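Asker:
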Ligand SMILES: C[S@@+](CC[C@H](N)C(=O)[O-])C[C@H]1O[C@@H](n2cnc3c(N)ncnc32)[C@H](O)[C@@H]1O
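Residue numbers (the working numbering): 356 to 863.
1. If you draw a straight line from the alpha carbon of residue 356 to that of residue 791, how long is it in whole angstroms?
2. So what does residue 782 bridge to, in DSSP terms?
3. Unbroken beta strand (DSSP E) runs of length 3 or more, entirely within the region 515–591: which are they?
4. Got a sec? Which residues, its chain only, sit under 6 Å from residue 882 by beta carbon, not counting five neighbours each side?
5. State the beta-bridge partners of residue 428 as determined by DSSP.
6. The alpha helix (DSSP H) that contains residue 508, what's its start and end?
7. Please tell me whether residue 509 and residue 578 are closer than 9 Å, where the distance is taken between their beta carbons.
8. Which residue marks the beginning of the alpha helix (DSSP H) containing residue 721, and which one marks its end?
9. Ends of the beta strand (DSSP E) at residue 738?
10. By a C-beta neighbour count over all protein chains shown, 10 Å radius and 16 as the cutoff for buried, is residue 678 buried or exposed?
11. For the alpha helix (DSSP H) holding residue 362, just list the boundary residues, first then last.
12. Which residues in the same chain have their Cβ closer than 8 Å to the Cβ of residue 468, if we skip the five residues on either side of it in sequence?
13. Do residue 863 and residue 854 come within 9 Å of each other at the CB atom, strictly closer than that value?
14. Hey, how far is the Cα of residue 606 from the Cα of residue 592?
15. Counting C-beta neighbours from all protein chains within 10 Å, is the total for residue 489 16 or more, i.e. buried, or is it exposed?
16. Count the other C-beta atoms from every protein chain shown that fall within 10 angstroms of the C-beta of residue 765, then say buried if there are 16 or more, exposed otherwise.
17. Quick one: what does DSSP say residue 420 is sitting in, helix, strand or coil?
18. Mind checking which residues open and close the beta strand (DSSP E) that includes residue 696?
19. Confirm, please, whether the CB-CB distance from residue 545 to residue 526 is below 9 Å.
20. Tell me the rounded alpha-carbon separation between residue 839 and residue 829.
21. Can you tell me the Cα-Cα spacing of residue 426 and residue 622, whole angstroms?
22. If you measure from the CB of residue 440, is any heavy atom of ligand 1 nearer than 8 Å?
23. Apart from the five residues just before and just after residue 843, which ones in its own chain have a Cβ nearer than 7 Å to its Cβ?
24. Do you know offhand how far residue 358's Cα is from residue 706's?
25. How is residue 653 classed by DSSP in three states: helix, strand or coil?
26. In whole angstroms, what separates the C-alpha of residue 697 from that of residue 743?
27. Give the range of the beta strand (DSSP E) segment to which residue 606 is assigned.
28. Is the beta carbon of residue 505 closer than 9 Å to that of residue 645?
29. With respect to 8 Å, is the separation between the Cβ of residue 476 and the closest non-hydrogen atom of ligand 1 below this value?
30. Would you say residue 758 and residue 789 are within 9 Å of each other, going by their C-beta atoms?
31. DSSP three-state call for residue 600: helix, strand or coil?
32. Alpha carbon to alpha carbon, what distance is there between residue 856 and residue 846?
33. Could you tell me the alpha carbon to alpha carbon distance between residue 455 and residue 619, rounded to whole angstroms?
34. Using the C-alpha atoms, what's the distance from residue 628 back to residue 374?
35. Whose C-beta lies closer than 8 Å to the C-beta of residue 636 among residues of the same chain, with five residues either side of it excluded?
36. For the beta strand (DSSP E) that contains residue 749, what are its first and last residues?
Spelled out as structure tokens, the structure:
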């Protein structure tokens, strides 16, 4: 037996990037189900499992922001599981279980049934056998009424690029080098082939843009995205058929943005789509209209349709938070790449209401400045603000104090790591229940603020120990004075522009 047999051909000599995916957060899943009028799992007390959780960054953030939930993170790569465990222990999280089991082993493990099972970036990167195990796992371990988030590479969007991936994998197949080296070799060879005008590149003109984009991607990401033995984009209809064996029904997209993509379709395309009565076929044809490459689907075991009144009541409890400063809001924007002008008579009062504090839809409806608007208009405006990264879903006010403590402990553990490097550029928010993007330097300014020390001296000491210097306008700042002056400027900018937002999101 080879040492690496447990990998089933999946890349294991390089770790995956740290990331947080808001779409797999329970509130996001619940909101998207409600929005399509499906009864969601409860958020009061729930069990949640992330399959193929990578470094477990998302699972840790969700566990810290949802002390009322019990979380499982499964990833057969022991380095991933150990890294996830290291963070969970540093944050003293009590409601998270992390293991380095394979999907097959986890299927046999003694666990409770889950309200939520999520898999991001997993299903089309494994072989048929493991896909079947996942379906069995969903069949056995998902509660009745439970929800599944499943993302996957989609056809037909990948059809032109599939040979590029195969080319890079075949060219490096016999190399004994590390996967990251293979990535470099594969990219260089593809570039060479493009340079000699191979007809594949000429007759698939979009591929050169993919190749160019790959050059700029993180090598860890490229290794996991393209260099595992199995890599299979799937049609939505195939996935629906496979998950039917676990008694699962497709209910909604997990990505609110998806609702607005139809703005890009012309009348004939919309008519054609509307004429297709079978929902699986309609979704698949929609993927042809957009040449979709990636889908985030929500499935439910035993979906229950809500009446309109039930839906309104449940959506009214959803809460929303502003994640930019009100003065930063622009009214002429691009919505999924489509230029639109926001009606200021709707959006201005909405934004100023949210600027005070996060609010439920019910609370917004009661705002004197919004009483003229109906429920549907406010909901639609909120969805547009979510899609344009202005507003995010927020957790209920209940148990906010408890949450603040678990989140503060997790953030403290992440901030400590920022002293040594820039691998984790996300912190958790007890208000939104999700992750907030925050650069390493912002993390260090925040750490100095929390420790009540002079940020310039604190960061300059760290940089000196690590032999680092700041870069300004492409030039390395050499002298201590120049570095400290720049740090002083950055500290002021952080205090003026970022700190108020971090305070609003409960990080301070
Ligand atoms: C592309 S990564 C995605 C990680 C994470 N979900 C994310 O999106 O950041 C896929 C993950 O699935 C894990 N994986 C692949 N096959 C597996 C298996 N058979 N059992 C358990 N984990 C597996 C890999 O180790 C890897 O961390």
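Don't be surprised by glycine CBs; every beta carbon is placed ideally from N, CA and C.
Remember, predicted model here, so these are calculated numbers, not experimental data.
Answerer: On the basis of the data shown:
1. The pLDDT assigned to residue 356 is 36, lower than 50, so where the model puts this residue is not dependable; a value taken from the coordinates is nonetheless given after this. Computed Cα separation, rounded: 44 Å.
2. 791
3. none
4. Nothing can be reported for residue 882: it is not among the residues displayed for the chain, which extend from 356 to 863.
5. 405, 453
6. Where residue 508 is concerned, there is no enclosing alpha helix (DSSP H), although the beta strand (DSSP E) it sits in stretches over 497–508.
7. no
8. 716–721
9. No beta strand (DSSP E) holds residue 738; the alpha helix (DSSP H) holding it covers 730–742.
10. buried
11. First-last for residue 362: undefined, no H or E at that position.
12. 402, 496, 497, 498, 501
13. yes
14. 13 Å
15. buried
16. buried
17. helix
18. 693–696
19. yes
20. 17 Å
21. 45 Å
22. no
23. 811
24. In this prediction, residue 358 scores a pLDDT of 46, lower than 50, which makes its location untrustworthy; the coordinate-derived value is nonetheless stated afterwards. Roughly 57 Å between the two C-alpha positions.
25. strand
26. 11 Å
27. 603–608
28. no
29. yes
30. no
31. coil
32. 15 Å
33. 43 Å
34. 35 Å
35. 592
36. 746–749
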